[in-house]
Each structure stands twice: as C-alpha cells, then as structure tokens.
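Reading through the structure tokens given below for one structure.
Residue numbers (the working numbering): 316 to 692.
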C-alpha cells in the first residue's frame with residue numbers, strides 16, 4: 316500500500332499543495348512550526364477520518380476559508396482508489412472514487428497507517444488513557460469495524476454518566492444503559508484481549524533484538540474494576556479476566572452491581588474498558604516504576620515496531636508508516652536500530668518529519684522535501 320499522490324487545499328497552514336511521494340521513504344524537513352506534522356496529519360485523517368491530535372474541525376481549516384479538502388490516490392494490491400475528505404466546521408464528508416461514503420464502516424480499512432510521534436515515547440510514563448489509545452489504534456488498523464464499536468460504547472457511557480449526575484437517576488433507564496454498557500464493553504474487551512494475545516509474543520521477540528537479551532519484556536491487560544480497586548490508577552496487578560464472552564459479560568455485570576452505589580455518589584461510571592490499562596514489565600518489574608529512561612524508550616520502540624510486524628505478519632500487508640520527529644527523541648543506538656528495521660522491510664511507504672536531515676539514516680530509495688510556511692520548497 317502506498318500514496319501515489321497527495322493534494323491538500325486550505326488545510327491548516329497549507330494553502331495549496333500537490334505532492335507526488337516516493338513509494339518508499341519520504342522526508343519532510345524544516346524548522347518547527349512550518350507544517351511538517353500537518354502533512355502527516357492529512358494522511359492520517361484520510362485513513363481514520365479523525366486526527367491523532369485532539370482538534371476541532373475548525374482548527375483543521377485554514378484561517379479565512381470555509382472548508383478544507385484532502386485528497387489522495389492510494390494503491391493497494393494492484394488497484395487504485397481515490398480518497399477525499401472535505402472538512403467543514405460542522406462535520407466531515409468522505410468520498411471514495413468520487414462517491415459519497417454513507418457508512419464509515421465501509422470506508423475504514425481503505426488506507427492503513429501506523430503513527431509514531433514524540434508523545435508515544437511517553438506512553439508508559441503517562442496515564443492509562445494513552446496506553447488504551449495505543450491498543451485501540453492498533454486494533455483499528457487490523458479491524459476497521461472497531462471504530463464504530465468504540466463509538467457505540469462512548470455514546471452509552473456519555474448517556475449513563477449524565478444520568479448518574481442527576482439527583483435521582485431513573486432505575487429503569489439506568490438498567491437499560493447497564494445492559495448496553497455490558498454488551499458494547501464486552502466487544503471492546505474481547506478485541507483488546509485478542510490483540511494482546513497475538514501481539515505479545517511479537518513484542519517480546521522484538522524487544523530481545525533491540526535491547527540486551529537478558530532483559531525479559533512482557534505486557535498484560537489490566538482491568539482494575541475486576542480486581543475490585545476503582546480508586547488507584549497506579550495499580551499494576553495483572554487481571555485474570557477470562558477470554559470467553561459470556562464470562563466477561565458476567566464479570567462486568569457483577570462489578571456494575573457491586574459499585575453502583577459508589578457510582579451514584581460520584582456521578583460517573585467506574586466500571587468498564589474505559590478504565591482499563593496496558594501494563595509493561597522488564598524481568599517482572601514494572602517499566603513505569605523501575606525502568607531507566609533508555610529502557611523506557613527501547614520498550615516503546617519495540618512496541619511500535621512490533622505493531623508493524625504484527626500487522627504485516629497477520630494481515631499480509633505493509634501499512635503506511637508516519638514518523639513525526641521521533642529521531643530527535645531516541646538515542647543514537649535506538650535511532651540506528653529503527654532505520655535498520657525500516658531499510659530491512661521489503662515493502663512499505665514511510666513519511667518522516669525532522670528538523671535535521673542528519674537524524675534520518677536513509678540514503679537510498681528516499682526523497683526529501685523542505686517544508687517552509689506550509690509550502691514545499
């Protein structure tokens with residue numbers, strides 16, 4: 316899969332841009348604030364319809380204009396598809412081969428990307444939401460329908476939280492929301508458990524290659540509500556959640572019943588996959604608590620490389636890789652390993668941003684674009 320042509324109009328600080336990328340490596344270099352990350356964001360939007368940055372639609376549109384338009388000619392498996400995204404302040408419109416997309420579930424999967432940015436370096440040190448986001452992005456790449464599954468859950472969660480904030484929540488309505496929360500929550504948990512089961516061995520093997528083999532890496536899915544601890548987000552005990560759907564539903568149902576009184580007092584939902592976490596360990600010790608800065612970065616690098624390998628090995632395609640100024644965050648050894656890995660891939664298009672061309676250890680099959688004030692110069 317690769318982008319053969321990229322066309323942007325009135326997107327962020329980009330007035331007009333027509334780009335023919337290299338099928339392998341593309342480097343966008345220049346000073347900060349010139350629009351390099353905007354180019355990666357455009358490609359990501361054409362895949363996921365939403366940004367990897369928390370933004371309103373209005374923020375995506377160049378000042379003084381009513382809409383932004385993004386367009387890419389994408390090749391996959393020998394066939395070409397024209398993907399368009401029109402962004403208005405009140406919403407977005409997706410077109411595939413110039414035909415409006417009525418159901419996003421039919422569109423997701425047309426363009427597959429893996430994003431790796433500076434914020435990812437910190438995912439093990441940050442809060443659980445960042446690690447849930449890592450899992451969910453990876454699952455979305457493999458199972459595009461997951462985007463709608465999470466949307467259903469988030470809608471029910473929002474309604475249930477609003478009801479819990481009322482002085483006297485309607486018991487019948489709350490019961491309906493409980494059933495929906497269990498149904499959609501189980502969908503998400505099952506997806507995540509399946510992902511971890513298949514991703515874990517790839518990640519463990521990848522870490523051995525990046526770091527000293529004497530360090531044994533491991534990851535586990537954590538459900539604090541199943542452990543009975545809803546107050547401690549620093550809890551790093553591994554959950555023994557079952558894999559079967561019926562059993563997961565029973566666990567959610569039991570936890571909701573047990574903590575319903577506490578939820579009413581606090582006015583928000585404390586049970587469900589929106590509270591879960593991804594735990595990381597080195598030689599049985601928590602990476603977040605005990606690992607050095609270098610070990611943190613090696614672990615995250617292993618996770619991102621393993622995500623790419625996981626997709627390529629399981630689904631037989633090379634996703635487009637977006638690297639946003641990652642090299643400046645990695646030490647020399649990790650940076651060298653990253654580019655050794657990228658050069659060793661037989662296929663796959665890569666888009667890289669950097670402030671210094673010297674950070675990018677690529678000499679062959681590469682095209683560099685200097686970005687200044689939203690223009691390629």
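No residue lacks a Cβ here, since even glycine has one placed at the ideal position from N, Cα and C.
{"Asked": "CB of residue 530 within 7 Å of CB of residue 594, strictly", "Found": "no"}
{"Asked": "Stretch pair the region 664-672 + the region 341-351: three plus CB contacts closer than 8 Å", "Found": "yes"}
{"Asked": "Residue 606, DSSP secondary structure in three states", "Found": "coil"}
{"Asked": "Sufficient close CB pairs (3 or more, under 8 Å) joining the region 508-526 to the region 610-621", "Found": "yes"}
{"Asked": "Cβ pair count under 8 Å reaching 3, the region 599-610 against the region 634-644", "Found": "no"}
{"Asked": "Closest Cα partner of residue 518 within the set 381, 337, 628", "Found": "628"}
{"Asked": "Neighbour-count burial assignment, residue 541, 16 or more Cβ in a 10 Å radius", "Found": "buried"}
{"Asked": "Simplified DSSP state of residue 408, which is helix, strand or coil", "Found": "strand"}
{"Asked": "Beta-bridge partners of residue 535, as assigned by DSSP", "Found": "594"}
{"Asked": "Own chain partners of residue 428 with C-beta closer than 8 Å, once the 5 adjacent residues on each side are dropped", "Found": "358, 359, 362, 363, 456, 634, 635, 636, 637"}
{"Asked": "Stretch pair the region 405-417 + the region 331-338: three plus CB contacts closer than 8 Å", "Found": "no"}
{"Asked": "Test item: CB-CB of residue 376 and residue 350 under 7 Å", "Found": "no"}
{"Asked": "7 Å Cβ cutoff met for residue 423 and residue 462", "Found": "yes"}
{"Asked": "Buried or exposed (CB count within 10 angstroms, at least 16 for buried), residue 399", "Found": "buried"}
{"Asked": "DSSP state of residue 459 mapped onto helix, strand, coil", "Found": "coil"}
{"Asked": "Integer-rounded CB distance, given that residue 582 should sit under 8 Å from residue 480", "Found": "4 Å"}
{"Asked": "Close Cβ partners of residue 515 (< 6 Å) along its chain, the five nearest in sequence each way excluded", "Found": "534"}
{"Asked": "Cα-Cα separation between residue 648 and residue 641, rounded to whole angstroms", "Found": "13 Å"}
{"Asked": "Anticipated Cβ contact below 8 Å, residue 372 with residue 401, distance rounded", "Found": "No, residue 372 and residue 401 are not in contact; Cβ-Cβ is about 10 Å, not under 8 Å."}
{"Asked": "Any beta strand (DSSP E) of 3 or more consecutive residues that is wholly inside the region 462-541", "Found": "532-537"}
{"Asked": "C-alpha gap between residue 587 and residue 488, whole angstroms", "Found": "18 Å"}
{"Asked": "Candidates 556, 484, 494, 528, of which the one nearest residue 504 by Cα", "Found": "556"}
{"Asked": "Inter-residue Cα distance where the pair is residue 537 and residue 558", "Found": "13 Å"}
{"Asked": "Touching by the beta-carbon criterion (3+ pairs, under 8 Å), the region 379-395 and the region 436-444", "Found": "no"}
{"Asked": "Bridge partners - residue 635, DSSP secondary structure assignment", "Found": "428"}
{"Asked": "Cβ neighbour criterion (16 or more within 10 Å) applied to residue 485", "Found": "exposed"}
{"Asked": "Under the three-state DSSP convention, the category residue 673 falls into", "Found": "helix"}
{"Asked": "Contacts around residue 688, its chain only, beta-carbon distance under 8 Å, and the 5 residues preceding and following it disregarded", "Found": "328, 349, 350"}
{"Asked": "Beta-carbon proximity check, residue 340 vs residue 680, cutoff 7 Å", "Found": "yes"}
{"Asked": "Cβ shell of residue 410 (< 6 Å), same chain only, five flanking positions each side left out", "Found": "399"}
{"Asked": "Residue environment, residue 613, which counts as buried when at least 16 other CB atoms sit within 10 Å", "Found": "buried"}
{"Asked": "Reduced DSSP category for residue 642 - H, G, I as helix; E, B as strand; rest coil", "Found": "helix"}
{"Asked": "Closest Cα partner of residue 572 within the set 460, 674, 493", "Found": "493"}
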